[in-house]
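Using the UniProt record's numbering, read the sequence shown as starting at 1 and increasing by one per residue. One structure is given here, and the rest of the page talks about it.
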Amino acid sequence: MTEKNLTLFCIVEGESVSHAFQLKNIASSDDVDDLKHLIVDGNQAPAFRDVAAKDLILWRISIPDNKQGSAITIDALDDKTELNDPRARLSKLFPESPDDHTYILVQRPSSVNAPVPARVVAAPSDDIRPSPVSGIMDVINQIQEKAKAKGVDYSPHYHYMLLDFGIDAKLGPIDTRLDADTVLGLRLAYTHFFQDRYDEGFLDFCYRAVDYRGLFTISNVLIAIRQDLKQLAHRPFFLFLHIDEFQRIFDHRWEETPKSHKLASLPNTGFRLAGDTTERHTNEGFRLFQDMMRSLGPFMSGVIKPHMIQTFLSGTARQDVTLAAEPTSYSFKFLSCSTLSTGACYDIMGHFTGLAKVPHHQWMPKMAFLHLLSATGGLPRALQLLLEEFFGRRLEKCNTFADTAEDINMNADRIFNKVASNLDDYYSITAFVETHRELVRALVRLCILQQPSPRTLAPSDLFPALTLHVLERDTHTILEDSNEGRGKVLVRIPFFFLHVYNTAVDAVWNRLGSAFLHDWVEDREWGFFERIIAEYEALRTNLLIDDGREEATLGDIYQGALGRAATLGHTVKLKKLSVVTAAHRFLESGGLTVGEQEQDWRSGVVIKNADGAQFGDVCIYRESADGDGDNVLCALQAIKLGCSLSASLLASEHRKNVDTIEKIPGNSLLDQQGIKRARTITILITTADITDHAFQQLNPSIPENCLLIYRGNFNNWNFANREALKKKHRLDDEEVEQILENMPYRSYDDLIQKVPLMRSKDLDKEMGFLPYQDFQLEKRRRVE
Numbered sequence: 001m002t003e004k005n006l007t008l009f010c011i012v013e014g015e016s017v018s019h020a021f022q023l024k025n026i027a028s029s030d031d032v033d034d035l036k037h038l039i040v041d042g043n044q045a046p047a048f049r050d051v052a053a054k055d056l057i058l059w060r061i062s063i064p065d066n067k068q069g070s071a072i073t074i075d076a077l078d079d080k081t082e083l084n085d086p087r088a089r090l091s092k093l094f095p096e097s098p099d100d101h102t103y104i105l106v107q108r109p110s111s112v113n114a115p116v117p118a119r120v121v122a123a124p125s126d127d128i129r130p131s132p133v134s135g136i137m138d139v140i141n142q143i144q145e146k147a148k149a150k151g152v153d154y155s156p157h158y159h160y161m162l163l164d165f166g167i168d169a170k171l172g173p174i175d176t177r178l179d180a181d182t183v184l185g186l187r188l189a190y191t192h193f194f195q196d197r198y199d200e201g202f203l204d205f206c207y208r209a210v211d212y213r214g215l216f217t218i219s220n221v222l223i224a225i226r227q228d229l230k231q232l233a234h235r236p237f238f239l240f241l242h243i244d245e246f247q248r249i250f251d252h253r254w255e256e257t258p259k260s261h262k263l264a265s266l267p268n269t270g271f272r273l274a275g276d277t278t279e280r281h282t283n284e285g286f287r288l289f290q291d292m293m294r295s296l297g298p299f300m301s302g303v304i305k306p307h308m309i310q311t312f313l314s315g316t317a318r319q320d321v322t323l324a325a326e327p328t329s330y331s332f333k334f335l336s337c338s339t340l341s342t343g344a345c346y347d348i349m350g351h352f353t354g355l356a357k358v359p360h361h362q363w364m365p366k367m368a369f370l371h372l373l374s375a376t377g378g379l380p381r382a383l384q385l386l387l388e389e390f391f392g393r394r395l396e397k398c399n400t401f402a403d404t405a406e407d408i409n410m411n412a413d414r415i416f417n418k419v420a421s422n423l424d425d426y427y428s429i430t431a432f433v434e435t436h437r438e439l440v441r442a443l444v445r446l447c448i449l450q451q452p453s454p455r456t457l458a459p460s461d462l463f464p465a466l467t468l469h470v471l472e473r474d475t476h477t478i479l480e481d482s483n484e485g486r487g488k489v490l491v492r493i494p495f496f497f498l499h500v501y502n503t504a505v506d507a508v509w510n511r512l513g514s515a516f517l518h519d520w521v522e523d524r525e526w527g528f529f530e531r532i533i534a535e536y537e538a539l540r541t542n543l544l545i546d547d548g549r550e551e552a553t554l555g556d557i558y559q560g561a562l563g564r565a566a567t568l569g570h571t572v573k574l575k576k577l578s579v580v581t582a583a584h585r586f587l588e589s590g591g592l593t594v595g596e597q598e599q600d601w602r603s604g605v606v607i608k609n610a611d612g613a614q615f616g617d618v619c620i621y622r623e624s625a626d627g628d629g630d631n632v633l634c635a636l637q638a639i640k641l642g643c644s645l646s647a648s649l650l651a652s653e654h655r656k657n658v659d660t661i662e663k664i665p666g667n668s669l670l671d672q673q674g675i676k677r678a679r680t681i682t683i684l685i686t687t688a689d690i691t692d693h694a695f696q697q698l699n700p701s702i703p704e705n706c707l708l709i710y711r712g713n714f715n716n717w718n719f720a721n722r723e724a725l726k727k728k729h730r731l732d733d734e735e736v737e738q739i740l741e742n743m744p745y746r747s748y749d750d751l752i753q754k755v756p757l758m759r760s761k762d763l764d765k766e767m768g769f770l771p772y773q774d775f776q777l778e779k780r781r782r783v784e
């Protein structure tokens, strides 16, 4: 009897039918193992030339007509049978000749790296060669488009993974028995397959998986991740691997290692910085870190295709210590990572409120969220800890965030302090302050004064090696390029950090400390605001003196104020100031009385005037730095307005102050002390609305000897609640509902696109879209 021969069509998983290859004259008496050898030994599938024949996985599949032109994956098929018995004869598997829909699908074993198929890296065949075009990118794009039409995807799949060696990926005793490749492989496997899916922690997972340690190589785990993500074998896979708190790896010590095995010599700057754990680093930890980098090296260089890993290390290790851990033939590139904008913080917050199913209008208009998000200063770690406080580290608080948003005003202070405390733990801020008090005071001074400084500046003479450049590189100091001088920077201290600093050094005191740093809960009466103005007046002057200044212009003292150039440029002497509260109305009731004692109003005091006083809510006398110039008596007036400002209002306030001085009786004690010879400067501080249109009218008409300090309390659609929209903006119910439902708004155009009804309204196109607009009020042009 003549033996029956078979003809089978085979297809590699991830290919389309057009790339199937034919095996002819196969003896029906052959078994599955023989078939595997035909595929490999006959070089019918070059992509598998690195695979042992016995390790191939074969399936008998039926491909319906509607999938004939698509890339074929086993999970996408209904009619499939795995040929898992190597001794099964083909005559039993194919008693009849296969029909046109029957194929053998060839799959790689999961434990073997998949190289890029030859046809992906070879020159394109005639049927995908592009038509003549100019420019190499046009050629590449055409090849990609035509290749995709044939089931070949040249574009990589991008994937992000975070290994946090401070929490989730901590090193432990079990790692003593593992090599670096397995240490990383186990953590990659846990992060992708178990973290956030099961209650089992990483340590439990390790104890269960360690007996199979040989399987958990980086290469094998990446293949498993690709398969879980349904990525085709030939498609490039780009993993962005973020290793956080990497300095904890330096601290690792095997249980048997004596303490004397700590590193004997490390780069030493001669000082201890915040978060510096150098004294805990060990030789074993350094070697493990270097071995980890070497294990990742082939993936970083592209040697092991189609996988590509780009590592990103973040932590608090000093830069010189990190360089000391750099493996031979490797190089580290230190990145200058900018902080997040307030708008970006809101976008990230919005992502999580979406998961919690809390719409923007239920949380975004509440000022406590603005204060808390702004307090992060855009520092990713600070934002992370704040979000964990809102939503939980594993999002376990998502279902209660609606209640958190409802009660945020009552809980803002508690949340602030919790996040500040956690940041202190992360960065050892208090420990740093305790040994660098004068340096921290200098940093706070530079931050509040917003004084442009070179990066080479050492803020404190006690620590000449700690320049701004070093502090930015090796601590939590944030620098921002200044517009006022090339190469100059501004010191930015997030409020969370400023609070911890201030708790330790008490640089900002009394009510000013709570108002500026963390306490937004209590309802403030207007007198509290006036007291804040007085305390800040003293603080800023004293900080200028601490900075070595003996004199300053009014523009330096009242930074960002609007006024005429002659007024802003008037130079006065600086002397240390303290705040006093007048027992009676200063000027109208005679001289200055504090408690029951008379006090000289020229003696370096900032006077918080009594209620109802005609001459300023806050008063301060300053001597001219020019012997021939006028001494000045500044009257700071706090005005709470619900309408736009006008030049006439400012002029009338100034006229009232001048009249009060003129009414002082001749030969009175005040007259003899020279109060009438001092030039009166009226400084109006207001929360009134100032739109761009109002500003353009007001700016050129500000009177002489007047300054305006204001907050741009403009129409802001992102922070508007239902009541404000109805009463202030006079919107009807339908307009209000549409405004609330479509928050947030990034620009005037975004508002109009989302709520077309607003097109007919008279809106200020330049303002009103915080936190997304890039606009700073102090940069507006001052009066010339």
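Where is the CB? At the ideal position from N, CA and C, for every residue including glycine.
Minimum C-alpha distance to residue i - residue among the options
i: residue 565; options: 344, 65 and 707; result: 707
i: residue 620; options: 157, 739 and 580; result: 580
i: residue 60; options: 41, 37, 85 and 53; result: 85
i: residue 225; options: 242, 732, 285 and 159; result: 159
i: residue 294; options: 584, 183, 203 and 369; result: 183
i: residue 39; options: 363, 666, 23 and 334; result: 23
i: residue 75; options: 606, 237 and 105; result: 105
i: residue 203; options: 174, 213, 218 and 212; result: 174
i: residue 640; options: 528, 540 and 699; result: 528
i: residue 392; options: 499, 211 and 356; result: 356
i: residue 668; options: 636, 587 and 685; result: 587
i: residue 169; options: 214, 219, 155 and 244; result: 244
Beta bridge counterpart(s) of residue i as assigned by DSSP
i: residue 447; result: None, per the DSSP bridge assignment.
i: residue 308; result: 238
i: residue 358; result: Per DSSP, none; premise fails for residue 358.
i: residue 634; result: 620 and 681
i: residue 107; result: 57
i: residue 606; result: 579 and 620
i: residue 428; result: Residue 428 pairs with nothing; no bridge assigned.
Three-way DSSP call (helix, strand, coil) for residue i in this model
i: residue 238; result: strand
i: residue 294; result: helix
i: residue 405; result: helix
i: residue 72; result: coil
i: residue 23; result: strand
i: residue 481; result: strand
i: residue 124; result: Confidence at residue 124 is low in this model, with a pLDDT of 31, below 50, so the placement of that residue should be treated as unreliable; the coordinate-derived value is given next. Of the three classes helix, strand and coil, the one that applies to residue 124 here is coil, per DSSP.
i: residue 601; result: coil
i: residue 680; result: strand
i: residue 384; result: helix
i: residue 755; result: coil
i: residue 264; result: Note that residue 264 has pLDDT 45, beneath the 50 cutoff, so the model's placement of it is unreliable and the number below is only indicative. Coil.
i: residue 89; result: strand
i: residue 418; result: helix
i: residue 709; result: strand
i: residue 567; result: helix
i: residue 454; result: strand
i: residue 590; result: strand
C-beta contact flag for residue i and residue j at 8 Å
i: residue 318; j: residue 282; result: no
i: residue 352; j: residue 408; result: no
i: residue 593; j: residue 582; result: yes
i: residue 323; j: residue 332; result: yes
i: residue 654; j: residue 699; result: no
Extent of the continuous alpha helix (DSSP H) to which residue i belongs
i: residue 157; result: Where residue 157 is concerned, there is no enclosing alpha helix (DSSP H), although the beta strand (DSSP E) it sits in stretches over 157-164.
i: residue 17; result: Taken as a continuous stretch (DSSP letters only), residue 17 belongs to no alpha helix (DSSP H), as it is neither H nor E.
Segment limits, beta strand (DSSP E) that includes residue i
i: residue 551; result: 551-553
i: residue 10; result: 5-12
i: residue 492; result: 488-492
i: residue 572; result: 571-573
i: residue 82; result: 80-82
Below-8 Å beta-carbon distance, residue i vs any chain C residue
i: residue 545; result: The structure shown has no chain C; it contains just one protein chain.
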